[in-house]
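Novice:
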Amino acid sequence: MLVLSLPLPAAARETIKLCFEAQDVKPWRTEQGGGLNFDLLKLVEQRLDIQFDFQSIPWKRCLAQLKANAVDGAFAVSYKPDRRELGEYPGGENIDAGKRMHTDTYVVLRRKGSKVEWDGKHFTNLDGAIGFQLGYSVGDVLRAQNLEVDEGSQRADELARKLLAGRLAAAAVGGSDAAGLMRGPLASKLEQLPIPIIEKPYFLILSHALVASRPELAASIWNAIEQARNSPGYKKLAQAQGVRH
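Residues in the sequence shown are numbered from 22 upward in steps of one, following our numbering.
Structure representation (structure tokens):
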């Protein structure tokens, strides 16, 4: 009797569930899974032989799911002290910026012809609220200056339209979002001020549950992010987009 020898199935790769903001933030990411953040994380998958399950959801819900340990991680997240309640940053209490995913800025947009100014420390001629996107960390910087703020916009283009409608005096926008707006249909009506509000590293933060139960895996993921970000292949991709990594 002929006995067939069937190949054994390949071992399934470990799956790590990650959420990200449900909007395009080019060149870092798109809702469809494109951009440099995904290029970087795909390199991490290859290095560690794991699989990421990417989930696109609104930002505040993504962070809430991280806090509830309903996902294993969230990206790309800038550092705020209170966000340590949501998950773990690389380095723990001593945040390791070397394990960032990328660096980006927040900049000021004003209506063309507006007299609003930002000198790197203070605003002048700010005759109304300054807007920023819901849940974004730049809000803490603005509130620390006792400014009137508006956090009612989900998307950068929505924020820009509110600015142009005269409902805001200025808008604080992520550098990559601002670059997109200044290339888009609203650009002729907007001006970007030259001095950034702040420059920040952005991280993959992992859930408290994952770090507590699998500390070696967490460390491996963060180490692989640093290695992949510094790899010649990724540097070439970042340079082609004209951004810092």
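The beta-carbon is built from N, C-alpha and C at its ideal position, and this holds for glycine as well. All of these numbers come straight from a predicted model, not from anything done at the bench.
Quick check on Pro30: does DSSP put it in helix, strand or coil?
Specialist: Residue confidence is low: Pro30 scores 48 on pLDDT, short of 50, so the model does not pin down where it sits. Its coordinate-derived value is still stated next. Three-state DSSP puts Pro30 in coil, outside helix and strand.
Novice: Check whether the Cβ of Leu258 lies closer than 8 Å to any heavy atom of the ligand NAD, and answer yes or no.
Specialist: Looking for the ligand NAD in the displayed structure turns up nothing, as the structure carries no ligands at all.
Novice: Using only the alpha-carbon positions, how far apart do Val170 and Val162 sit?
Specialist: 11 Å
Novice: Output the boundary residues of the alpha helix (DSSP H) element that contains Tyr223.
Specialist: From DSSP, Tyr223 is part of no alpha helix (DSSP H) but of the beta strand (DSSP E) over 219–227.
Novice: Beta-carbon separation of Leu130 and Leu57 under 9 Å?
Specialist: It is not a contact, given that the beta carbons lie outside the stated cut-off.
Novice: Does Tyr255 come out as helix, strand or coil in the three-state DSSP assignment?
Specialist: helix
Novice: Rounded to a whole number of angstroms, what is the C-alpha to C-alpha distance between Leu64 and Asn167?
Specialist: 43 Å
Novice: Using 8 Å as the threshold, is the segment 238–247 in touch with the segment 219–229, meaning 3 or more CB pairs across them?
Specialist: yes
Novice: So what's Ala230 in DSSP terms, helix, strand or just coil?
Specialist: Reduced to three states, the DSSP call for Ala230 is helix.
Novice: When you compare only the Cα positions, how much space is there between Ile37 and Ala191?
Specialist: 39 Å
Novice: Please work out which residues of its chain come closer than 6 Å, Cβ to Cβ, to Gly119, disregarding the five sequence neighbours upstream and downstream, and give them in chain order.
Specialist: Glu247
Novice: Does the Cβ of Lys81 have 16 or more other Cβ atoms within 10 Å, making it buried, or fewer, making it exposed?
Specialist: An exposed status is given to Lys81, since fewer than 16 other beta-carbon atoms sit within 10 Å of its beta-carbon.
Novice: Is Gln53 helix, strand or coil when you go by DSSP?
Specialist: Correct three-state label for Gln53: coil.
Novice: Determine the direct distance from the alpha carbon of Ile71 to that of Ser26, and round the result to whole angstroms.
Specialist: With a pLDDT of only 49 at Ser26, under the threshold of 50, the placement of this residue in the model should not be trusted; the figure read from the coordinates follows. Approximately 28 Å, taken between the alpha carbons.
Novice: For the segment 248–261 against the segment 83–90, do three or more pairs of beta-carbon atoms, one drawn from each stretch, fall closer than 8 Å, so that the two count as touching?
Specialist: no
Novice: Please report how far the alpha carbon of Glu172 lies from the alpha carbon of Arg164, in whole angstroms.
Specialist: Roughly 11 Å between the two C-alpha positions.
Novice: Bridge partners for His123 per DSSP, in chain order?
Specialist: For His123, which the question treats as bridged, DSSP gives the partners Tyr223.
Novice: In the DSSP assignment, find the alpha helix (DSSP H) that holds Leu238 and state where it starts and stops.
Specialist: 236–250
Novice: What are the uninterrupted segments assigned as alpha helix (DSSP H) that are 4 or more residues long and contained completely in the segment 129–184, given in chain order?
Specialist: 159–164
Novice: Per DSSP, what are the beta-bridge partners of Lys47 in this structure?
Specialist: Beta-bridge pairing links Lys47 to no other residue.
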